[in-house]
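Colleague: Taking our numbering, the leading residue of the sequence shown gets 1, the next gets one more, and so forth.
Note that CB positions come from ideal geometry on N, CA and C, so glycine has one too.
Below: one structure in structure tokens.
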Amino acid sequence: IPGMGQLSFEAVLNRDYPLIMAIFTLSALLTLAGILVADFLYTMVDPRIAHEKRSATAA
């Protein structure tokens, strides 16, 4: 997101804690969304990787 680094830097300098929390929350959500999208794309590219329920007991 353009300008996010400058905004977060200024928020730290100005001790704007709600803005810092919002930036970290947004960054975390975007990171998690990217990981989730990458996980689903891996299954489309490589069919050997499957999202299936695995049993907890060893056979």
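Excluding the five sequence neighbours on either side, which residues of its own chain have a C-beta within less than 6 angstroms of the C-beta of residue 11, listed in chain order?
Modeller: Closer than 6 angstroms at the Cβ level, and outside the excluded window around residue 11, lie 19, 20.
Colleague: If you draw a straight line from the C-alpha of residue 7 to the C-alpha of residue 22, how long is it?
Modeller: Residue 7 and residue 22: Cα-Cα distance of roughly 11 angstroms.
Colleague: May I have the straight-line CA-CA distance separating residue 138 from residue 49, to the nearest angstrom?
Modeller: Here the chain comprises residues numbered 1 to 59, so residue 138 is not present and cannot be evaluated.
Colleague: What is the rounded straight-line gap between the Cα of residue 43 and the Cα of residue 34?
Modeller: Computed Cα separation, rounded: 15 angstroms.
Colleague: Pick from 36, 30, 39, 45: whose alpha carbon is nearest that of residue 1?
Modeller: Checking every option, the nearest Cα to that of residue 1 belongs to 30.
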